[in-house]
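Working notes, structure below.
Numbering (my numbering), first residue to last: 10 to 180.
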(Lines of atoms letter the chains of each structure in order from A; the text may use other names.)
(Lines give C-alpha, C1' and ligand atoms only; values in the text may rest on other atoms or scores of the structure.)
Protein backbone atom coordinates (compact mmCIF):
# COMPACT_ATOMS: atom_id res chain seq x y z
CA UNK A 10 0.00 0.00 0.00
CA UNK A 11 1.50 3.38 -0.99
CA UNK A 12 1.85 6.27 1.44
CA UNK A 13 -0.81 8.24 -0.49
CA UNK A 14 -3.39 5.45 -0.12
CA UNK A 15 -2.76 5.39 3.65
CA UNK A 16 -3.48 9.13 3.80
CA UNK A 17 -7.24 9.51 4.18
CA UNK A 18 -7.35 13.17 3.10
CA UNK A 19 -5.20 12.57 0.01
CA UNK A 20 -7.62 9.95 -1.27
CA UNK A 21 -10.28 12.64 -1.69
CA UNK A 22 -8.23 14.97 -3.90
CA UNK A 23 -9.86 18.37 -4.33
CA UNK A 24 -12.80 17.34 -2.17
CA UNK A 25 -10.50 17.59 0.87
CA UNK A 26 -9.11 21.02 -0.04
CA UNK A 27 -9.98 22.69 3.27
CA UNK A 28 -8.73 19.75 5.33
CA UNK A 29 -5.43 19.67 3.43
CA UNK A 30 -4.86 23.42 3.79
CA UNK A 31 -5.59 23.24 7.54
CA UNK A 32 -3.24 20.28 7.92
CA UNK A 33 -0.41 22.05 6.11
CA UNK A 34 -0.98 25.20 8.14
CA UNK A 35 -0.89 23.18 11.37
CA UNK A 36 2.37 21.49 10.31
CA UNK A 37 4.04 24.81 9.54
CA UNK A 38 2.75 26.39 12.76
CA UNK A 39 3.82 23.39 14.85
CA UNK A 40 7.37 23.53 13.45
CA UNK A 41 7.51 27.29 14.03
CA UNK A 42 6.39 26.82 17.62
CA UNK A 43 9.12 24.21 18.14
CA UNK A 44 11.78 26.59 16.77
CA UNK A 45 10.65 29.37 19.12
CA UNK A 46 10.56 27.00 22.10
CA UNK A 47 14.07 25.72 21.38
CA UNK A 48 15.26 29.34 21.44
CA UNK A 49 13.41 30.07 24.69
CA UNK A 50 10.97 32.43 23.00
CA UNK A 51 7.26 32.45 23.80
CA UNK A 52 5.64 33.36 20.49
CA UNK A 53 2.39 32.29 18.89
CA UNK A 54 2.24 32.02 15.09
CA UNK A 55 -1.07 33.91 14.98
CA UNK A 56 0.74 36.98 16.33
CA UNK A 57 3.05 37.34 13.34
CA UNK A 58 0.78 39.30 11.00
CA UNK A 59 -0.29 41.79 13.66
CA UNK A 60 3.25 42.27 14.91
CA UNK A 61 4.59 42.64 11.35
CA UNK A 62 2.00 45.32 10.53
CA UNK A 63 2.83 47.31 13.66
CA UNK A 64 6.56 47.17 12.94
CA UNK A 65 6.06 48.20 9.31
CA UNK A 66 3.41 50.88 9.86
CA UNK A 67 3.54 52.04 13.47
CA UNK A 68 0.35 52.26 15.54
CA UNK A 69 -2.75 50.89 13.80
CA UNK A 70 -6.34 50.09 14.68
CA UNK A 71 -7.69 46.54 14.72
CA UNK A 72 -9.72 47.37 11.61
CA UNK A 73 -6.69 48.68 9.73
CA UNK A 74 -4.73 45.54 10.55
CA UNK A 75 -7.62 43.28 9.53
CA UNK A 76 -7.90 45.12 6.21
CA UNK A 77 -4.15 44.94 5.57
CA UNK A 78 -4.02 41.20 6.33
CA UNK A 79 -7.34 40.36 4.61
CA UNK A 80 -8.56 38.56 7.71
CA UNK A 81 -11.53 39.09 10.01
CA UNK A 82 -11.74 41.80 12.64
CA UNK A 83 -12.47 39.00 15.15
CA UNK A 84 -9.20 37.21 14.32
CA UNK A 85 -7.17 40.39 14.84
CA UNK A 86 -9.06 41.15 18.09
CA UNK A 87 -8.29 37.67 19.40
CA UNK A 88 -4.58 38.05 18.58
CA UNK A 89 -4.65 41.57 20.10
CA UNK A 90 -5.96 40.25 23.42
CA UNK A 91 -3.22 37.66 23.74
CA UNK A 92 -0.50 40.10 22.56
CA UNK A 93 -1.65 42.62 25.18
CA UNK A 94 -1.72 39.95 27.88
CA UNK A 95 1.86 38.98 26.92
CA UNK A 96 2.92 42.65 27.18
CA UNK A 97 3.98 42.83 23.52
CA UNK A 98 1.49 45.49 22.44
CA UNK A 99 -0.53 48.20 24.13
CA UNK A 100 -3.96 49.54 23.24
CA UNK A 101 -4.05 53.36 23.37
CA UNK A 102 -6.42 56.13 22.32
CA UNK A 103 -5.72 57.59 18.86
CA UNK A 104 -4.17 61.06 19.17
CA UNK A 105 -6.65 62.60 16.69
CA UNK A 106 -9.73 60.87 18.15
CA UNK A 107 -9.69 59.58 21.72
CA UNK A 108 -12.67 57.31 21.04
CA UNK A 109 -10.64 55.32 18.51
CA UNK A 110 -8.15 52.73 19.83
CA UNK A 111 -4.72 52.16 18.33
CA UNK A 112 -2.39 49.22 18.86
CA UNK A 113 1.33 49.86 19.28
CA UNK A 114 4.39 47.82 20.20
CA UNK A 115 5.64 48.13 23.75
CA UNK A 116 9.34 48.17 24.63
CA UNK A 117 9.00 44.45 25.24
CA UNK A 118 7.42 44.09 21.78
CA UNK A 119 10.31 45.92 20.11
CA UNK A 120 12.81 43.75 21.98
CA UNK A 121 10.94 40.61 20.91
CA UNK A 122 10.93 41.77 17.30
CA UNK A 123 14.70 42.36 17.41
CA UNK A 124 15.23 38.91 18.89
CA UNK A 125 13.01 37.21 16.30
CA UNK A 126 14.32 39.02 13.20
CA UNK A 127 17.27 36.64 12.58
CA UNK A 128 15.04 33.59 13.04
CA UNK A 129 12.51 35.03 10.60
CA UNK A 130 15.24 35.45 7.99
CA UNK A 131 15.73 31.68 8.27
CA UNK A 132 11.97 31.08 8.14
CA UNK A 133 11.76 33.18 4.96
CA UNK A 134 14.66 31.41 3.26
CA UNK A 135 13.22 27.98 4.08
CA UNK A 136 9.76 29.08 2.89
CA UNK A 137 11.29 30.13 -0.44
CA UNK A 138 13.10 26.76 -0.68
CA UNK A 139 9.87 24.87 0.05
CA UNK A 140 8.02 26.93 -2.53
CA UNK A 141 10.67 26.08 -5.14
CA UNK A 142 10.65 22.40 -4.17
CA UNK A 143 6.85 22.36 -4.49
CA UNK A 144 7.16 24.00 -7.93
CA UNK A 145 5.79 27.44 -7.03
CA UNK A 146 2.84 26.43 -4.87
CA UNK A 147 2.42 30.11 -3.94
CA UNK A 148 1.41 30.87 -7.54
CA UNK A 149 -1.23 28.14 -7.29
CA UNK A 150 -2.46 29.49 -3.95
CA UNK A 151 -2.74 32.92 -5.59
CA UNK A 152 -4.90 31.34 -8.28
CA UNK A 153 -7.10 29.71 -5.62
CA UNK A 154 -7.36 33.00 -3.73
CA UNK A 155 -8.33 34.78 -6.97
CA UNK A 156 -10.96 32.13 -7.79
CA UNK A 157 -12.50 32.59 -4.33
CA UNK A 158 -12.40 36.37 -4.74
CA UNK A 159 -14.29 36.04 -8.02
CA UNK A 160 -16.90 33.79 -6.42
CA UNK A 161 -16.90 32.59 -2.83
CA UNK A 162 -17.26 28.99 -1.72
CA UNK A 163 -20.53 30.03 -0.07
CA UNK A 164 -21.97 31.44 -3.32
CA UNK A 165 -20.87 28.41 -5.31
CA UNK A 166 -22.50 25.99 -2.87
CA UNK A 167 -25.68 28.04 -2.53
CA UNK A 168 -26.03 28.12 -6.34
CA UNK A 169 -25.73 24.31 -6.46
CA UNK A 170 -28.35 23.94 -3.74
CA UNK A 171 -30.69 26.34 -5.57
CA UNK A 172 -30.17 24.44 -8.85
CA UNK A 173 -30.90 21.11 -7.14
CA UNK A 174 -34.03 22.51 -5.48
CA UNK A 175 -35.12 23.99 -8.80
CA UNK A 176 -34.76 20.58 -10.48
CA UNK A 177 -36.90 19.00 -7.77
CA UNK A 178 -39.59 21.69 -8.18
CA UNK A 179 -39.61 21.13 -11.96
CA UNK A 180 -40.51 17.45 -11.54
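For every residue, glycine included, the Cβ atom is placed at its ideal position computed from N, Cα and C.
Practice task
Using the Cα positions of residue 115 and residue 168, report the straight-line distance between them to the nearest angstrom.
Solution key: 48 angstroms
Exercise for the section: Return the first residue and the last residue of the beta strand (DSSP E) that residue 102 is part of. Expected result: 98 to 103
Handout entry: Distance between residue 82 and residue 149 (C-alpha atoms, nearest Å)
Key = 26 angstroms
Exercise for the section: Give me the Cα-Cα distance between residue 139 and residue 91, rounded to the nearest whole angstrom. Expected result: 30 angstroms
Practice task
Express the C-alpha separation of residue 34 and residue 48 in angstroms, rounding to a whole number.
Solution key: 21 angstroms
Problem - Three CB pairs or more closer than 8 angstroms across the stretch 118 to 126 and the stretch 67 to 74 - result: no
Practice task
Please find out if some non-hydrogen atom of the ligand NAD comes closer than 7 angstroms to the beta-carbon of residue 23.
Solution key: Within the structure as shown, the ligand NAD is missing, as the structure has no ligands at all.
Problem - Buried or exposed by the 16-neighbour rule on C-beta atoms within 10 Å, applied to residue 1 - result: The question about residue 1 has no answer, for the chain in this structure spans 10 to 180.
Problem - Which listed residue (173, 128, 27, 15) has its alpha carbon closest to that of residue 153 - result: 27
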